[in-house]
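For reference, the structure is listed below as structure tokens.
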Amino acid sequence: MEIYKKCHRIRLKQVKQKNQFEEMKQKRYIHPKTARQLKKDGFRAVQGFESLLINETGKVYNLQTAKYIKPTSGNYIRIEKECLSVPKLVLLTFKGEQYKSGQIVYIDGNKTNLSKENIKYSRLFTSEQNNKVNAADLLTALRCYFEVDKNFKIRDNFKTRLYLQHIIEKRGFFAKYKKIQHIEVYLTYLGKHIFEQKSIIDTANAHGLPVRDCLIIINSFTNTLISEILQDLKNGYLHELEYKPKQPTKTDELKQVNKYLTENGHNPVRLRKQSEKEILRDYEKFSNEFKNTKQEHGI
3 MEIYKKCHRI RLKQVKQKNQ FEEMKQKRYI HPKTARQLKK DGFRAVQGFE SLLINETGKV
63 YNLQTAKYIK PTSGNYIRIE KECLSVPKLV LLTFKGEQYK SGQIVYIDGN KTNLSKENIK
123 YSRLFTSEQN NKVNAADLLT ALRCYFEVDK NFKIRDNFKT RLYLQHIIEK RGFFAKYKKI
183 QHIEVYLTYL GKHIFEQKSI IDTANAHGLP VRDCLIIINS FTNTLISEIL QDLKNGYLHE
243 LEYKPKQPTK TDELKQVNKY LTENGHNPVR LRKQSEKEIL RDYEKFSNEF KNTKQEHGI
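Anchor point for the sequence shown: position 211 equals 213 in our numbering, and the numbering is continuous, going up by one each time.
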């Protein structure tokens, strides 16, 4: 009986040691040479997940298990009780785009094509992100370079963009920010001259962006420009110009002519087109004067 118990304890110990060995084997990292070889083949380490390597086509390798991970039909993998999107890992690793919430768009419509060129977030920015342009600050920035009309409105999109084109060229804005992400979107929107301007919708379509994301990018660069100009204004490098002198209207010009005519004994010129009521009234007046003239002359 004692021999049986002793053999049983030895057997349990062997099983336990075997299980521990298998567990250590599962947790052990693969030989560094293998990791280096994978990196030579285009794999990169995934930020925040030391055990994962991924390539540009979305193939994922687990260093702990020394196995490739097969994603689900929805392109998800499970690591340490966490469900991860493979396309988002590709964008994080090879495009530097932050892993965030939001749907993934497959440009060619093929969900098995996880190459970095075929995937993108449906939105670049979260719904909380908003960077509207302050109209008063923009007007102040424009007046540092132009004598604008006093009744000029920022919502006059054509004139505003025309002013911005000249300011950006003068300040070398595109050259300064040429390495900043999405600067090409702003360049497409403003254009280098008046005939290259595009609407926000056309700009979004040209770069494959949602209109809302395109607007956020445009506003972001505009706000950067405004901030720089206002800082120069504060430092005394720029000053705010006066409003453009009011140009005389046709009515103003006619008033000057009428003043001259009146002073020289002539009838003034009408300042505006007569209404039908005024024409009828003048006709009746002329008719009455004509009748009186005929009576005076006995006609």
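The beta carbon of each residue, even a glycine, is placed where N, CA and C say it ideally should be.
Burial check for T95: the Cβ neighbour count within 10 Å reaches 16 or more, so the residue is buried. Residue pairing of E84 in beta bridges, as defined by DSSP: I81. L86 is a Cβ neighbour of Y78, given a cutoff of 8 Å.
Annotated three-state conformation of I185 is helix, per DSSP. Assignment of alpha helix (DSSP H) within the stretch 138–205, counting only whole runs of 4 or more residues, yields 159–173, 175–178 and 185–192 in chain order. One alpha carbon belongs to K246, the other to K102, and they sit about 49 Å apart. A check of alpha carbon separations from I182 across T142, S201 and T226 identifies T226 as the nearest. Counting only the Cα atoms, I121 lies some 38 Å from D139. Per DSSP, S53 is not a residue of any alpha helix (DSSP H); the beta strand (DSSP E) it occupies stretches across F51 to I56. With a 10 Å radius around the Cβ and a threshold of 16 neighbouring Cβ atoms, Y70 comes out exposed. When the beta-carbon positions are compared, A143 and I231 come within less than 8 Å of each other. In this structure, V92 places its C-beta atom within 8 Å of the C-beta atom of L116. The beta-carbon distance between G104 and S124, rounded to whole angstroms, is 6 Å. This is short enough to meet the 8 Å contact definition. Scanning its chain for C-beta atoms nearer than 6 Å, with the 5 sequence neighbours on each side dropped, one finds no residue around T74. Of the candidates K97, G76 and I81, K97 places its Cα closest to the Cα of N57.
Rounded to the nearest angstrom, the gap between the Cα atoms of F51 and T59 is 18 Å.
In the three-state scheme derived from DSSP, where H, G and I count as helix and E and B as strand, Y70 is classed as strand. Boundaries for N260: no beta strand (DSSP E) harbours it, while the alpha helix (DSSP H) harbouring it runs K252 to E265, taken from the DSSP string.
DSSP places K122 inside the beta strand (DSSP E), whose first and last residues are I121 to Y123.
Per DSSP, the continuous alpha helix (DSSP H) segment holding I220 begins and ends at V213 to K236. With contacts defined as CB atoms closer than 8 Å, I185 and Y191 fail to qualify as a contacting pair. With a 10 Å radius around the Cβ and a threshold of 16 neighbouring Cβ atoms, T205 comes out buried. The secondary-structure analysis by DSSP pairs A47 across a beta bridge with L55. Secondary structure note for N64: its beta strand (DSSP E) is the uninterrupted segment V62 to N64. With a 10 Å radius around the Cβ and a threshold of 16 neighbouring Cβ atoms, F160 comes out exposed. Considering only L54, L126, E280 and C146, the residue with the shortest C-alpha distance to Q100 is L126.
Comparing alpha carbon positions, the residue from K236, S222 and P212 closest to N133 is S222.
Contact between L40 and L54 fails: their C-beta atoms lie close to 11 Å from each other, not under 8 Å.
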